[in-house]
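Novice: This structure is in structure tokens; I'll ask about it shortly.
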Amino acid sequence: MSEQDMARLMQGVIPYLAIDGAQKAIDFYAKAFGAEVLGEPARDESGTLMNASLAINGGVLMVMDTMPNIGAEGEPATDKGLTLQIVTDKGDFWWDRAVAAGCVVTHPFRQEFWGDRYGRVRDPFGLMWAINEPGEGR
495 MSEQDMARLM QGVIPYLAID GAQKAIDFYA KAFGAEVLGE PARDESGTLM
545 NASLAINGGV LMVMDTMPNI GAEGEPATDK GLTLQIVTDK GDFWWDRAVA
595 AGCVVTHPFR QEFWGDRYGR VRDPFGLMWA INEPGEGR
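The structure is reproduced here in structure tokens:
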């Protein structure tokens with residue numbers, strides 16, 4: 495992993511998701527959101543994915559396989575108030591790619607009363623994603 499990538503991982507708040515089938519999620523996020531794996535994912539001797547860092551739209555998302563033995567329970571991901579939001583000036587591009595990859599639309603991408611174009615999708619792993627294109631002057 496490059497020094498620049500390592501620096502991105504050592505600051506701020508980074509979502510760290512435990513997903514049953516994390517490798518499938520990584521592959522899907524590459525297709526749907528252009529995710530790029532930073533460095534080499536860490537696996538234990540049985541092949542369980544312990545940690546993978548993904549770069550998406552300038553931010554970082556970390557994923558791992560579910561591991562009940564360390565408290566990363568095997569519950570399927572659900573929308574319990576968590577939404578991963580992508581803020582971009584290319585909303586149509588991000589939206590179309592996510593939907594084409596298999597995300598399910600839960601709120602159409604459209605102009606909203608607050609001035610932004612905004613929409614929400616659910617990925618095959620149960621996580622909610624929002625695409626937000628700021629309005630003019632924002």
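Here my numbering = 1-based position in the sequence shown + 494.
Beta carbons: idealized from backbone N, C-alpha and C, even for Gly.
Hey, K578 and W608: beta-carbon distance below 8 Å or not?
Specialist: It should be pointed out that residue 578 corresponds to Leu in this sequence rather than to Lys. No. Outside cutoff.
Novice: Any chance you could list the alpha helix (DSSP H) runs of at least 4 consecutive residues sitting entirely within the stretch 509-576, in chain order?
Specialist: Whole alpha helix (DSSP H) segments, 4+ residues: 516-527.
Novice: Under the rule that 16 or more other beta-carbon atoms within 10 Å means buried, what is L548, buried or exposed?
Specialist: Buried, by the Cβ-count rule.
Novice: Just the Cα atoms here: how many angstroms apart are T542 and R604?
Specialist: The alpha-carbon atoms of T542 and R604 are separated by roughly 40 Å.
Novice: What does the alpha-carbon distance come out to for the pair Y612 and G575?
Specialist: About 17 Å.
Novice: What are the partner residues of L578, as DSSP defines its beta bridges?
Specialist: In the DSSP output, where bridge partners are listed per residue, L578 has W623.
Novice: Taking only beta-carbon positions, decide if P618 is within less than 8 Å of chain E.
Specialist: This model lacks chain E altogether; it includes just one protein chain.
Novice: Do T600 and V581 have their beta-carbon atoms positioned less than 8 Å apart in this structure?
Specialist: No; because the gap between Cβ atoms is not below 8 Å, this pair is not in contact.
Novice: For Y510, which residues from the same chain have a beta carbon less than 6 Å from its beta carbon, with the 5 sequence-adjacent residues on both sides left out?
Specialist: Hits under 6 Å: M556.
Novice: Thinking C-beta only, is T560 closer than 8 Å to A512?
Specialist: Yes; because the gap between Cβ atoms is below 8 Å, this pair is in contact.
Novice: Leaving out five residues before and five after D538 in sequence, what residues of the same chain have Cβ atoms less than 7 Å from its Cβ?
Specialist: The residues are M544.
Novice: Could you pull the start and end residues of the beta strand (DSSP E) that V593 belongs to?
Specialist: Element bounds for V593: not the beta strand (DSSP E) but the alpha helix (DSSP H), 585-595.
Novice: On a CA-only basis, which of I508, D590, A519, E497 is nearest F619? Give me that one, please.
Specialist: Out of I508, D590, A519, E497, A519 has the C-alpha closest to the C-alpha of F619.
Novice: Give me the Cβ distance between A546 and A526, rounded to the nearest whole Å; I'm assuming they're in contact under 8 Å.
Specialist: In fact, because the Cβ distance is near 16 Å, the residues do not count as touching under 8 Å.
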